[in-house]
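In this text, residue positions in the sequence shown follow the numbering used here: the first is 21, and each later residue adds one.
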Amino acid sequence: MVSCFKKFYTLCFNVKLHGTSKSLWLIAIAASCWSVWLARNEMVFERKVLSMDTLIFHSKMRALLWVRAVFSECMVQERLWWLSLSKCRFVQTYYIGLALSSSWVAKV
21 MVSCFKKFYT
31 LCFNVKLHGT
41 SKSLWLIAIA
51 ASCWSVWLAR
61 NEMVFERKVL
71 SMDTLIFHSK
81 MRALLWVRAV
91 FSECMVQERL
101 WWLSLSKCRF
111 VQTYYIGLAL
121 SSSWVAKV
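Structure below.
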């Protein structure tokens, strides 16, 4: 259990991922935190309440848009993105040590 946002972020940042996978992970965390913050502001200032499903949808949509903005070469299978991120994984294709393409594909 973490007691503050700084400890939460440190925990998320220290996940054993590298390169593009780590960037995608951190984008997902940042998008989720930003979605929670915006929902909190709507609750406080506009007296709106979002359901958990709506909050998850907003987080996934925001993360998807941010991933596309940062990694334009990244192909995302949107159907799997919405159903279950755990069924997707990031893959890079290499040729003589150079990354040629990147995509999200279904786990086999």
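Ideal placement from N, C-alpha and C gives every residue a C-beta, glycine not left out. Because the structure is a prediction, the values reported are computed rather than measured.
MET63 and TRP57 have their C-alpha atoms spaced approximately 10 Å apart. In this structure, DSSP gives MET21 a state outside helix and strand, which the three-state scheme calls coil.
In this structure, the CA atom of CYS24 is about 35 Å from the CA atom of GLU93. For ILE76, the number of other beta carbons within 10 angstroms of its own is below 16, and it is reported as exposed. For the pair LEU46 and SER71, the Cα-to-Cα distance works out to about 24 Å.
Counting C-beta atoms within 10 angstroms of its own C-beta, VAL22 has fewer than 16 neighbours from the protein chains shown and is therefore classed as exposed. Here the segment 34-51 lies against the segment 77-93, with 3 or more beta-carbon pairs under 8 Å apart.
In the DSSP assignment, HIS38 falls outside any alpha helix (DSSP H) and carries neither an H nor an E.
With respect to the C-alpha of VAL90, the residue from VAL69, SER41, LYS36 having the closest C-alpha is SER41.
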